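These notes are about the structure you will find just below.
Numbering (the numbering used here), first residue to last: 9 to 434.
Here you go:
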């Protein structure tokens with residue numbers, strides 16, 4: 009592996025110095041494509057769960073060292089950071105990828121399909137890169153090779169961030185973007201701009217989709233325990249039925265998004281994913297648990313929704329003589345693209361790829377932790393073949409999810425051009 013990377017670097021070294029980097033980026037991305045595909049297939053075949061990306065981390069370190077870089081590993085358990093020092097003075101920018109797989113048993117039938125197994129919530133599970141993080145890592149490594157090849161012409165430096173646990177750390181553990189930041193990856197230098205790419209999400213193959221402002225939602229978890237009084241199912245008046253109260257709360261919570269907040273300001277979603285209570289058909293239980301997710305885009309609305317949900321649940325329960333235990337777990341903030349940064353980089357994106365606008369997406373991403381601390385730009389890259397309706401393809405988190413590998417070159421080209429043009433624009 010190291011020999012192949014060194015060989016690629018030797019081929020382009022003279023040409024890289026002969027021309028300004030922006031004129032060389034697309035050609036270098038094309039030259040790196042076969043290596044990027046090889047990296048992607050290795051990552052795809054060897055996925056690891058959140059905070060357990062030990063072999064993934066080691067492979068990334070090996071590849072970066074083969075480029076002559078000095079990566080720092082073991083950040084937030086398995087994260088890796090490396091710096092490409094430019095040959096000219098200028099700012100620091102960052103490009104980021106996630107590393108972890110999902111507890112999904114792959115069914116693609118690919119020759120490099122994952123057969124990996126892991127433990128999730130105490131159960132043995134299949135493990136798969138069902139969200140495209142294998143593509144993300146390989147594209148960022150490809151961009152690292154391109155940028156490192158022209159580093160003498162870069163007017164600034166590039167931080168490469170390989171982040172574990174984007175899908176969320178195991179219960180009882182810390183991890184992800186916030187932990188990397190808490191462990192000080194920006195203590196010695198904060199990037200002026202941070203760029204990220206996610207594949208899939210319903211975008212036409214090989215195209216970039218982006219928008220200013222809110223792009224992805226905040227994702228918060230809630231649990232409500234409705235406490236009544238157990239009694240015989242034939243005599244409900246002798247107790248307080250938490251099942252009926254829970255049903256009323258499920259319906260009442262839907263009025264928060266549809267009737268209690270300004271729907272013209274930003275979209276929001278309240279979904280119940282689990283209801284649990286009771287053990288027998290003719291026994292009214294003491295308690296029922298409800299668990300769900302809240303998706304929102306506006307920070308003030310996010311707080312308001314939390315308060316209204318708790319008030320609604322408690323009010324319904326009180327009207328029936330029941331009580332409520334309310335538990336809220338804050339998740340990722342919304343991903344918000346810096347409008348000025350997007351405006352500045354849009355000519356670069358249009359030159360490097362086909363670009364389209366996109367509506368806010370109600371899925372979540374902890375790239376938001378970087379974006380609330382530095383001007384950032386997050387984009388979607390269509391993962392399917394060009395010309396194929398993305399609605400007909402397996403979605404992210406599906407056991408059939410796959411990446412049309414020629415699109416990897418688009419991601420490498422976009423990452424690399426964004427960095428070069430940002431640094432050149434100083």
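Where a beta carbon is used, it is the ideal one built from N, C-alpha and C, also for glycine.
A quick note: this is a predicted structure, and the numbers were derived from the prediction, not measured.
- For residue 51 and residue 119, the gap between their C-alpha atoms comes out near 13 Å.
- Here residue 49 has 120 as same chain residues with Cβ atoms under 7 Å from its own Cβ, once five neighbours each way along the sequence are excluded.
- Nearest to residue 212 by C-alpha distance, out of 178, 361, 164, 60, is 361.
- With 16 or more other Cβ atoms from the protein chains shown falling within 10 Å of its own Cβ, residue 165 counts as buried.
- In this structure, the straight-line span from the alpha carbon of residue 344 to that of residue 293 is close to 44 Å.
- Here the alpha carbons of residue 115 and residue 73 stand approximately 34 Å from one another.
- In chain order, 184, 185, 186, 189, 340, 341 place their CB closer than 8 Å to the CB of residue 377, counting only its own chain and leaving out the 5 sequence neighbours on each side.
- 8 Å or more divides the Cβ of residue 172 from the Cβ of residue 240.
- When secondary structure is reduced to three states using DSSP, residue 313 falls in the helix class.
- In this chain, residue 143 is not harboured by any beta strand (DSSP E); it is covered by the alpha helix (DSSP H) spanning 141-157.
- Around the CB of residue 287, fewer than 16 other CB atoms lie within 10 Å, so the residue is classed as exposed.
- Around the C-beta of residue 271, fewer than 16 other C-beta atoms lie within 10 Å, and the residue is accordingly described as exposed.
- Per DSSP, residue 305 lies in no alpha helix (DSSP H) segment and is marked neither H nor E.
- Between residue 405 and residue 110, the C-beta spacing is below 8 Å.
- DSSP, read as helix, strand or coil, puts residue 238 in coil.
- Taking a contact to require three or more Cβ pairs closer than 8 Å, the region 413-432 and the region 219-229 do not qualify as touching.
- At the C-beta level, residue 162 and residue 152 stay beyond 8 Å of one another.
- Taking a cut-off of 8 Å for Cβ pairs, the region 346-359 and the region 423-431 touch, as three or more such pairs fall below it.
- Here residue 385 has 201, 202, 203, 204, 218, 345, 346, 349, 350, 353, 426 as same chain residues with Cβ atoms under 8 Å from its own Cβ, once five neighbours each way along the sequence are excluded.
- Residue 359 and residue 421 have their C-alpha atoms spaced approximately 10 Å apart.
- Runs of the beta strand (DSSP E) lying entirely within the region 71-133, each at least 3 residues long, are 80-83, 87-93, 96-106, 125-128 in chain order.
- Contact check for residue 418 against residue 209 fails: the beta carbons are separated by 8 Å or more.
- Residue 276 sits in a strand when the DSSP states are folded into three classes.
- In this structure, DSSP gives residue 362 a state outside helix and strand, which the three-state scheme calls coil.
- In the three-state DSSP reduction, residue 409 falls in the coil class, being neither helix nor strand.
- Counting every other CB atom within 10 Å of its CB across the protein chains shown gives residue 338 a total below 16, marking it as exposed.
- Per DSSP, the unbroken beta strand (DSSP E) holding residue 222 starts and ends at 221-224.
- The C-alpha of residue 315 lies about 33 Å from the C-alpha of residue 403.
- Residue 301 carries a strand assignment under DSSP once its states are collapsed to helix, strand and coil.
- With contacts defined by Cβ atoms closer than 8 Å, residue 144 and residue 108 do not form a contacting pair.
- Sorting 87, 230, 150, 309 by C-alpha distance to the C-alpha of residue 44 places 150 at the top.
- With a contact defined as Cβ atoms closer than 8 Å, residue 332 and residue 285 miss out at about 13 Å.
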